[in-house]
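Protein chains in written order, with the numbering used here: chain A, 488 to 794; chain B, 488 to 794. Only one structure is covered here, and it is reproduced in the block below.
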């Protein structure tokens, strides 16, 4: 194998072209330099994915692992109603796998970055005897005071979720589409009061909105849009539980006023399902209401990162 | 051991207080929200440190590993003449080491962040069966068009380096002071034409300035400030070579006009050594000039990340 150094990988990345924003000086200095657009706010997030924890080879490929590392960050920008702008990529590469593996990981990142007009602003590449670790830090842009937070839900708000839920870990988690465009369409159609992306599971992520907003919620169990990734062989109760708590769906969970909720229900502006699943209440915690009207506590059954 | 989850570590981090900038909404939503100061530019960089590659336990402690992960990023901001503002921290924590280890890593980060008025804006904590991996993405601020790039060196410029060089890997690399304040003092005293931090070794990092600026350089071998970390038992030639190529010094290497260089040499505005080591030339590549006037090529002997 030809000797292959960090500098050469960086040269290869630069030679690939890719998105280039006029207000960003990217790879090539100690830092990137971003001139923020007037009247804008910057959205900043980061996610680290580790081989063996967030993906395994197979079913993942190096391209899909790279793709996912950017996709989860794009999903965070979507959840704020923002526009992705640029990303910083750090890699810990397994030394044994060589330069083609490194390029494949970067290719997966760069292809998705191109799709979402995200410039590769910089990064850090390393190799070691451990498994693949990918960290992406993302920069998004929102109009001043227009970023959509978790804290804006109000009693009476209708709760919506995009797409369908459950069973993502069987493979969807490697190929999901971050809901950047859907968030933009929704943002331009209605006033979104609060929003989060469903990464840990609906039950868990809804709780973040409730806690930050100081409100409660009632969710209608029969309204939960269960994904075709959830096996039809399971009991209805088990299927519902998976939709509520599997995580890694990366759909948008948001609230709007009842009037605007009605508009969304009458005419879905998206090309994917959009489901009214419940209401925000003045109480605390979340209740799950069955078809017969009885309620149970929507336990916080989502994925928790056990340290 | 009590069950310990990501959410609880985040709560602990939030409970520690720390730096809080009025223009940044930090931990607690899908992304942080930064309102950029008027007439400013943002500096963006990232570095990933892996146990076994960038540090080992011992001599490192979890606090020192965390400290270093932020320090190398602060050094990048210093190299642009910027002011650190905020940081995003991602952790892959060895599951076997438990919550106290996680807190110790964060403590090392937070203590240095406080020292450099850097807000912890967000992050991602994970655990796995692998070694510790820490990624920091940093956001710095520079006045509009005032960020100091590698590309501004001109023939005739004097080349300076802060501090002393060599032998850092014997322990200095865990405890070095990022030269943020020194860069600010220099920036306010003279016009810095080009600058970089010495992470890979002077020979290697100087080459980045030369390449990006399209110039050459002559370095005076007897002017190189050799650190007391370099063993006095080595030959003079070996000691010089270590100072030129060891890396991990995180000192500042920069160029100024001869007039301003004279001022810096007459009166060092810093509390640390500041050494005039050579000049920028109109040629290509770097020459090392011996005391007798003879020159050799300053080979690119710096650390290269072999993938």
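Even glycine gets a Cβ: it sits at the ideal position worked out from N, Cα and C.
Inter-residue spacing [alpha-carbon to alpha-carbon] between residue i and residue j
i                      : j                      : result
residue 617 of chain B : residue 655 of chain A : 25 Å
residue 728 of chain B : residue 564 of chain B : 27 Å
residue 748 of chain B : residue 644 of chain B : 8 Å
residue 781 of chain A : residue 694 of chain A : 20 Å
residue 508 of chain A : residue 567 of chain B : 20 Å
residue 713 of chain A : residue 774 of chain A : 18 Å
residue 677 of chain A : residue 762 of chain A : 15 Å
residue 685 of chain A : residue 661 of chain A : 15 Å
residue 733 of chain A : residue 718 of chain B : 57 Å
residue 705 of chain B : residue 594 of chain B : 43 Å
residue 623 of chain B : residue 529 of chain A : 18 Å
residue 494 of chain A : residue 541 of chain B : 18 Å
residue 627 of chain B : residue 537 of chain B : 23 Å
residue 744 of chain B : residue 620 of chain B : 42 Å
residue 689 of chain B : residue 736 of chain B : 9 Å
residue 597 of chain B : residue 557 of chain B : 9 Å
residue 708 of chain B : residue 609 of chain B : 45 Å
residue 785 of chain B : residue 670 of chain B : 26 Å
residue 553 of chain B : residue 546 of chain B : 13 Å
residue 516 of chain A : residue 531 of chain B : 10 Å
residue 739 of chain A : residue 692 of chain A : 10 Å
residue 642 of chain A : residue 591 of chain B : 41 Å
residue 637 of chain B : residue 658 of chain B : 28 Å
residue 724 of chain A : residue 544 of chain A : 32 Å
residue 720 of chain A : residue 680 of chain A : 37 Å
Segment limits, alpha helix (DSSP H) that includes residue i
i                      : result
residue 731 of chain A : 723 to 732
residue 494 of chain A : 493 to 502
residue 852 of chain A : Because chain A here runs from 488 to 794, residue 852 of chain A falls outside it and cannot be looked at.
residue 690 of chain B : 689 to 700
residue 660 of chain B : 659 to 662
Three-way DSSP call (helix, strand, coil) for residue i in this model
i                      : result
residue 759 of chain A : coil
residue 541 of chain B : coil
residue 573 of chain B : strand
residue 678 of chain B : coil
residue 642 of chain A : coil
residue 773 of chain B : strand
residue 667 of chain B : helix
Endpoints, beta strand (DSSP E) assigned at residue i
i                      : result
residue 586 of chain B : Unbroken run through residue 586 of chain B is the alpha helix (DSSP H), 585 to 602; no beta strand (DSSP E).
residue 606 of chain B : 606 to 615
residue 748 of chain B : Per DSSP, residue 748 of chain B belongs to no beta strand (DSSP E); it is in the alpha helix (DSSP H), 745 to 753.
residue 782 of chain A : 782 to 784
residue 622 of chain A : 620 to 630
Residue i - partner residues in DSSP beta bridges
i                      : result
residue 520 of chain A : A:512, B:530
residue 707 of chain B : B:776
residue 766 of chain B : B:645, B:705
residue 741 of chain B : B:647, B:682
residue 581 of chain A : A:615
residue 713 of chain A : A:652
residue 536 of chain B : B:621
6 Å Cβ shell around residue i - same chain, five flanking residues per side excluded
i                      : result
residue 561 of chain B : 571, 603, 665, 667
residue 588 of chain B : 549
residue 614 of chain A : 580, 582
residue 559 of chain A : 534
residue 674 of chain B : 568
residue 726 of chain A : 713, 717
residue 499 of chain B : none
residue 663 of chain A : 737
Same chain only: Cβ atoms within 7 Å of residue i, ignoring 5 sequence neighbours per side
i                      : result
residue 792 of chain A : Residue confidence for residue 792 of chain A is low, a pLDDT of 48 falling below 50, so the modelled location carries little weight; the figure read from the coordinates is stated next. Same-chain partners within the cutoff: there are none.
residue 611 of chain B : 577
residue 750 of chain B : 677
residue 771 of chain B : 703
Residue i beta carbon near the ligand NAD (any heavy atom closer than 6 Å)
i                      : result
residue 539 of chain B : Absence of the ligand NAD is noted for the structure shown, with no ligands found whatsoever.
Cutoff 8 Å; reference residue i; Cβ partners in own chain excluding five residues on either side
i                      : result
residue 710 of chain A : 762, 763, 764, 765
residue 522 of chain B : 510, 511
residue 600 of chain B : 505, 506, 557, 574, 606, 607
residue 513 of chain A : 507, 519, 573, 606, 607, 608, 609
- Item | Interface residues of the segment 755 to 768 of chain A facing chain E [CB-CB below 9 Å] | Here the protein chains are A and B, and chain E is not one of them.
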